[in-house]
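J.: Numbering (my numbering), first residue to last: 107 to 222. Think of the CB as a built atom: it goes at the ideal place given N, C-alpha and C, for glycine as much as any other residue. Remember, it's a predicted structure, so these values are computed and weren't measured experimentally. The structure follows.
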């Protein structure tokens, strides 16, 4: 399962170069997610991460769900129809089924709030 990230105002790829599937990359990814100005920026960033073979952490997925809900409230139908969002939801569901203990209280709260 892979997702990606892009900071608002950037061209995207520059933020992903050199990322690896380690804690520092996941922390950088989370920071980039929180800086996205729109839900579609978050989804684009997740797509870039997927293309760069960056595996998001549980915190990354929970933050993405929360940020998408925070920035996409005025366009819920468009978000729900976006295949990238659907894939994120499936990835969260898969992670919850396989490793539920990876989700702390804040992660669960962010996912539930993002799905509401």
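Is the separation between the beta-carbon of residue 202 and that of residue 166 shorter than 9 Å?
T.: Along the chain shown, read from residue 1 onward, the residue named residue 202 stands at position 96. Along the chain shown, read from residue 1 onward, the residue named residue 166 stands at position 60. No. Outside cutoff.
J.: Could you check which residue in 132, 160, 173 has the C-alpha nearest to that of residue 219?
T.: Indexing the chain shown from 1 puts residue 219 at position 113. Measuring from the Cα of residue 219, the nearest candidate turns out to be 173.
J.: To the nearest angstrom, report how far apart residue 128 and residue 155 are at their CA atoms.
T.: As a working mapping, residue 128 is identified with position 22 in the chain shown. As a working mapping, residue 155 is identified with position 49 in the chain shown. Rounded to the nearest angstrom, the two C-alpha atoms are 13 Å apart.
J.: What does the Cβ neighbour count give for residue 212, buried or exposed, with the cut at 16 atoms within 10 Å?
T.: As a first step, residue 212 must be located in the chain shown, where it is residue number 106. With fewer than 16 Cβ atoms within 10 Å of its Cβ, residue 212 is classed as exposed.
J.: For residue 124, does the count of other Cβ atoms within 10 angstroms reach 16, so buried, or fall short, so exposed?
T.: By one-based count along the chain shown, residue 124 stands at place 18. Below a pLDDT of 50, predicted positions are generally treated as unreliable, and residue 124, at 44, falls in that range; no measurement from the model is reported.
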